[in-house]
Structure formats: structure tokens, C-alpha cells
Amino acid sequence: MPTDENRLKGARRQSGLTRARMASGIRAGDLARALGLSSAWVSGVEHDRIIPTLQQKIEIAQILGLPIEMIFDDEGEDGA
């Protein structure tokens, strides 16, 4: 059974997009469909393999109903 410390470490490893998406109750596939993109694209963003454009970040924030700053930081982490 995972300890609280392990859960916290896992949560810290998640991207801002992953945390925001999960908190919003939206599955990766549903977000991908709303964006008109593939689930692989969403996964790539969540794992820092793809950097979304500013327009894509804005669309993601609108879909999730959150400020863009809560999803993507300004220091290059989380695909920003």
C-alpha cells in the first residue's frame, strides 16, 4: 500500500496539465476530442514531449475552466 509520502512524490511528478485535467474530471481522450487532437498529443504534452502553442494552452484552459497559469507555469516546466 502506498505511503502518503509516495503519493505526494507521485503527485509532484504529474504535469500541471495532468493535475488540472484530473481535478476537472476530464479524461485525456475527452480533452483530445474537445481540442480536435489525438490522445497521443495530450499524453505528449503531459509528459513534456510536446510543447503546446499559446493558442492550444488557451483552449485547454477554457475547456478545463481554469486560468492558464494554474495549468502551465512560466519557467519551462509542464510544457510552457
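Numbered as in numbering that gives the first Met the number 0, the sequence shown ends at 79 without a single skipped number. Ideal Cβ placement from N, Cα and C applies to all residues, glycine included. Every value quoted in this text rests on a predicted model; they were computed, and no experiment measured them.
Rounded to whole angstroms, what's the CA-CA distance from residue i to residue j? Just pull it up for me.
| i | j | result |
| --- | --- | --- |
| Ala60 | Ala31 | 13 Å |
| Ile49 | Ala22 | 22 Å |
| Gly35 | Pro51 | 13 Å |
| Ala33 | Glu58 | 9 Å |
| Ala27 | Ala39 | 9 Å |
| Ser42 | Thr17 | 9 Å |
| Ala79 | Gly24 | A caution first: Ala79 carries a pLDDT of 40, below 50, which makes its placement in the model unreliable, though a value can still be read off. So the two alpha carbons sit approximately 22 Å from each other. |
| Lys56 | Phe71 | 8 Å |
Comparing C-alpha positions only, which one of the options sits nearest to residue i?
| i | options | result |
| --- | --- | --- |
| Pro66 | Ser14, Gln13 and Ala19 | Ala19 |
| Asp29 | Leu53, Glu45, Ile62 and Met69 | Ile62 |
| Gln13 | His46, Ile57, Gln55 and Leu53 | His46 |
Against chain D, with Cβ distances strictly below 8 Å, would residue i count as a contact?
| i | result |
| --- | --- |
| Ile70 | Of the protein chains in this structure there is only one, and it is not chain D. |
DSSP three-state call for residue i: helix, strand or coil?
| i | result |
| --- | --- |
| Asp29 | helix |
| Ser42 | helix |
| Leu36 | coil |
Let's see if you can read the secondary structure: which residues bound the alpha helix (DSSP H) around residue i?
| i | result |
| --- | --- |
| Gly15 | Gly15 to Ala22 |
- [ ] Could you tell me which uninterrupted alpha helix (DSSP H) segments, each at least 4 residues in length, are contained entirely in the region 49-73, listed from first to last along the chain?
- [x] 53-63 and 67-70
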